[in-house]
Amino acid sequence: MLVAEILRDNYPDISVTIVDAKSSGPGLQFVRLFYQGAPYDFSKIKDSIRWELAHRMNQKFVPDLDFVYDNTIESAKKIEDALRAIL
C-alpha cells in the first residue's frame, strides 16, 4: 500500500499500521484509511502525503484521503474484560 510506504519512508516517528482502505467514487476519488497504533492528527501532513502519492501513482487524479483510527482491539478488550467480570 503506497500510503503505508510513504509513512514509513517520510514519517518514521509516526508508528501506525494501515489495516484497511475503502474507496468510493469512480477512479479512486476518495479513500478512507483505517489505522491502528497511537492516535495521530493526519490533517497536518495529509497534503504532503497526497503530494508524494501524486509522484508515485500513475493516475490522472490523486484521491482525497481520510484517516480513521481503528479501535477494534481496544473495544474487543473492553468486551472481554466485561465478560470476565460477570463470569
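For the working numbering, count along the sequence shown from 1 and bump the result up by 922.
Even glycine gets a Cβ: it sits at the ideal position worked out from N, Cα and C.
Remember, it's a predicted structure, so these values are computed and weren't measured experimentally.
Assuming the contact rule is C-beta atoms closer than 8 Å, residue i and residue j should be a hit. Round their C-beta distance to whole Å, please.
i: Tyr-933; j: Pro-961; result: Going by Cβ atoms, the distance from Tyr-933 to Pro-961 rounds to 15 Å, so no, they are not a contact pair.
i: Pro-985; j: Leu-950; result: 4 Å
i: Ile-995; j: Ile-928; result: Between Ile-928 and Ile-995 the Cβ distance is about 24 Å, and since that is not below 8 Å, they are no contact.
i: Leu-968; j: Leu-987; result: Looking at the sequence provided, one finds Lys at residue 968 rather than Leu. That belief holds up - the Cβ atoms of Lys-968 and Leu-987 are roughly 6 Å apart, short of 8 Å.
To the nearest angstrom, how far is the alpha carbon of residue i from that of residue j?
i: Val-925; j: Leu-1005; result: 37 Å
i: Gly-959; j: Arg-978; result: 25 Å
i: Val-941; j: Leu-955; result: 8 Å
i: Phe-964; j: Ile-936; result: 10 Å
Helix, strand or coil for residue i, going by three-state DSSP, please let me know.
i: Val-984; result: coil
i: Asp-942; result: strand
As a quick exercise: from the options, pick the residue whose alpha carbon is nearest that of residue i.
i: Phe-989; options: Glu-927, Ala-943, Ser-937, Met-979; result: Ala-943
i: Pro-948; options: Ala-1007, Gln-981, Ala-998; result: Gln-981
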